[in-house]
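Visitor: Residue numbers (the numbering used here), protein chains in the order written: chain A, 1 to 291; chain B, 1 to 55.
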Amino acid sequence: RFSQNFREVAGRFLVSEASTHLLVFRMEQRLPPNSELVQAVLRLFQEPVPKAALRRHELLSPRSDRARVTIQWLHVREDGSNRTSLIDSRLVSIHESGWKAFDVTEAVNFWQQLSRPRQPLLLQVWVQREHLGPLASSAHKLVHFTTQGPSGARQGEPQLELHTLDLRDYGAQDNCDPEAPVTQGTRCCRQEMYIDLQGMKWAENWVLEPPGFLAYECVGTCQQPPETLTFKWPFLGPRQCVASETTSLPLIVSVKEGGKARAQVVSLPNMRVQKCSCASDGAPVPRKLEP
Amino acid sequence: MTEEQILGSLLQQLHLREVPVLDKGDVEELVIPAPVRAQYVALLKRSHGAPSRGK
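1) Taking C-beta to C-beta, are A/Thr84 and A/Gln128 nearer than 8 Å?
2) Quick check: does the Cβ of B/Ile32 come within less than 7 Å of any heavy atom belonging to the ligand GDP?
3) Is A/Phe110 helix, strand or coil by DSSP?
4) Compare the beta carbon distance of A/Thr221 and A/Ser35 with 8 Å and say whether it is the shorter of the two.
5) DSSP state of A/His144, grouped into three classes?
6) Near A/Leu37, which residues of its chain fall below 8 Å by C-beta distance, leaving aside the five closest residues on each side in sequence?
7) What whole-angstrom Cβ distance do A/Arg190 and A/Cys276 have, given they're in contact under 8 Å?
8) Say whether chain A places a C-beta atom closer than 8 Å to the C-beta of B/Glu4.
9) Once the 5 residues before and after A/Gln124 are set aside, which same chain residues still bring their CB inside 6 Å of it?
10) In chain order, what residues of the same chain have a beta carbon less than 8 Å from the beta carbon of A/Gly98, not counting five sequence neighbours either side?
11) Closest by CA to A/Leu54, which one among A/Gln148, A/Ala203, A/Asn205 and A/Glu96?
12) On the DSSP bridge assignment, give the partners of A/Ser89 in chain order.
13) With a 10 Å radius around its C-beta and 16 neighbouring C-beta atoms as the bar for buried, classify B/Ala34 as buried or exposed.
14) Under the assumption that A/Trp202 contacts B/Leu22 (Cβ atoms under 8 Å), give the Cβ distance between them as a whole number of angstroms.
15) Using the Cβ count rule (16 or more neighbours within 10 Å means buried), how would you classify B/Ser47?
16) Below 7 Å between beta carbons is the criterion; list the residues of the stretch 199-210 of chain A that meet it against any residue of chain B, in chain order.
17) Who are the neighbours of A/Lys256 on chain B, taking C-beta pairs under 7 Å?
18) Look at the alpha carbon of A/Arg313 and the alpha carbon of A/Gln173, and state the distance between them as a whole number of angstroms.
19) Using a Cβ-Cβ distance cut-off of 8 Å, determine whether A/Gln264 contacts chain B.
20) Taking the runs of the alpha helix (DSSP H) that are 4 residues or longer, which of them lie wholly in the stretch 165-209 of chain A?
21) The beta strand (DSSP E) that contains A/Ser248, what's its start and end?
22) Taking C-beta pairs closer than 7 Å, name the residues in chain B that A/Ala215 reaches, listed in chain order.
23) Alpha carbon to alpha carbon, how far is A/Arg63 from A/Glu130? Give it in angstroms, no decimals.
24) For B/Glu3, which of helix, strand or coil comes out of DSSP?
25) Compute the Euclidean distance between the alpha carbons of A/Ala67 and A/Asp103, then round it to the nearest angstrom.
26) Does the Cβ of A/Ser115 have 16 or more other Cβ atoms within 10 Å, making it buried, or fewer, making it exposed?
27) Using a cut-off of 7 Å between C-beta atoms, extract the partners of A/Pro120 located in chain B.
28) Please list, in chain order, the chain C residues whose beta carbon lies closer than 7 Å to that of A/Pro178.
29) Please report the distance separating the alpha-carbon of A/Asp65 from that of A/Pro48.
30) Taking DSSP as the reference, what is the three-state secondary structure of A/Val76?
31) Tell me, which residues are paired with A/Thr20 by DSSP?
32) How long is the line joining the alpha carbons of A/Arg43 and A/Gly156, rounded to whole angstroms?
33) Among A/Arg187, A/Glu204, A/Cys188 and A/Asn175, which residue has its Cα nearest to the Cα of B/Val19?
34) Starting from the C-beta of A/Glu209, find all residues in its chain whose C-beta is less than 6 Å away, skip the five residues before and the five after it, and write them out in chain order.
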């Protein structure tokens, strides 16, 4: 504050008065083995606001009848520190009530990256003013969701819906059967494909090692998800057989310096297919969990 | 994987714009030093792919 180098930065502390509650979902056996998570939906039951409270609110703040609801994933790390990640956020009106759906797929993706034994899925629900500032209303104080009860059987209890695809039907095989020809009916698999470097004119006297390599390629088709799923997610393209994991290819090449040739190692990224998968064009790529 | 992709990736990794001109005479006496070969084998293992078919 008294440093000569920095102009004093004036600010205002705006009271947000967010109300939060923590949801805990036990996830053991919730995700079938060998399945792909398509979407996780958190359903919260917004309780109706008593009419008298609505009338009082309208008298005090006729301009704003909405509140912002934000869902964060809470990660309790081994060292006991907490980290939160924003998962979904939207405005809800105090005039509405009933089930509200939030997309928490990313939170479950993060949870799946935790090392075992995994903690339950912890979701923080924040209900805040629609916007901060002196004119903001206090509509957020009228937004209440039914919270989790101890027994888990309460009417309007928060629900976590997991939509998955069974990869035995919708996934890829490993390596193709070398004896079987690839046809329209072949399920997505990794097929051997040998690249003969010695046969390439430009590699002559340049690439010393290897003379060739197994690059593999992904061939075959993928089963498309049921209509109900594609109807719900129109942005998803058809599931296609793609290289989901690749690896690099090291080479030894000759490099000419000062009129003399010497050998040098160089590594070409993504040259070999490690794994093939069925994936939809447009599907969100799960964010990596930061350490 | 096409021939162009492999060549393009190699030129990119070596920061070259075109294939270098090397003739047989340049590489005839060239012996791959042990450290270079060891580095190559280590990279090959790390990329844990199927071992490429050697000579």
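Don't be surprised by glycine CBs; every beta carbon is placed ideally from N, CA and C. As the structure is a computational prediction, the values presented were derived from the model and not from experiment.
Guide: From the atom records:
1) no
2) The ligand GDP is not among the ligands present in this structure, which contains no ligands whatsoever.
3) Helix, per DSSP.
4) no
5) coil
6) Leu31, Thr105, Val108, Asn109, Gln112, Leu162, His163 and Thr164
7) 5 Å
8) no
9) Thr20, Leu22, Gln72 and Leu74
10) Phe45 and Gln46
11) A/Glu96
12) Under DSSP, the beta-bridge partners assigned to A/Ser89 are A/Thr70.
13) With fewer than 16 Cβ atoms within 10 Å of its Cβ, B/Ala34 is classed as exposed.
14) No, A/Trp202 and B/Leu22 are not in contact; Cβ-Cβ is about 10 Å, not under 8 Å.
15) buried
16) Met200, Trp202, Asn205, Trp206, Leu208, Glu209 and Pro210
17) Pro20, Leu22 and Asp26
18) Past the boundaries of the shown model lies residue 313 of chain A; chain A is included only from 1 to 291, so the question cannot be answered.
19) At least one chain B Cβ lies under 8 Å of A/Gln264.
20) 167-170
21) Arg239 to Glu257
22) Met1
23) 11 Å
24) helix
25) 18 Å
26) exposed
27) The contacting residues do not exist; A/Pro120 stays about 35 Å from chain B at best.
28) Absence of chain C from the displayed structure is noted, the protein chains being A and B.
29) In a straight line, the C-alpha of A/Asp65 is about 13 Å away from that of A/Pro48.
30) strand
31) Beta-bridge partners assigned by DSSP to A/Thr20: A/Trp126.
32) Pairing A/Arg43 with A/Gly156, the inter-Cα distance amounts to about 9 Å.
33) Closest option to B/Val19, judged by alpha-carbon separation, among A/Arg187, A/Glu204, A/Cys188 and A/Asn175: A/Glu204.
34) Ile252
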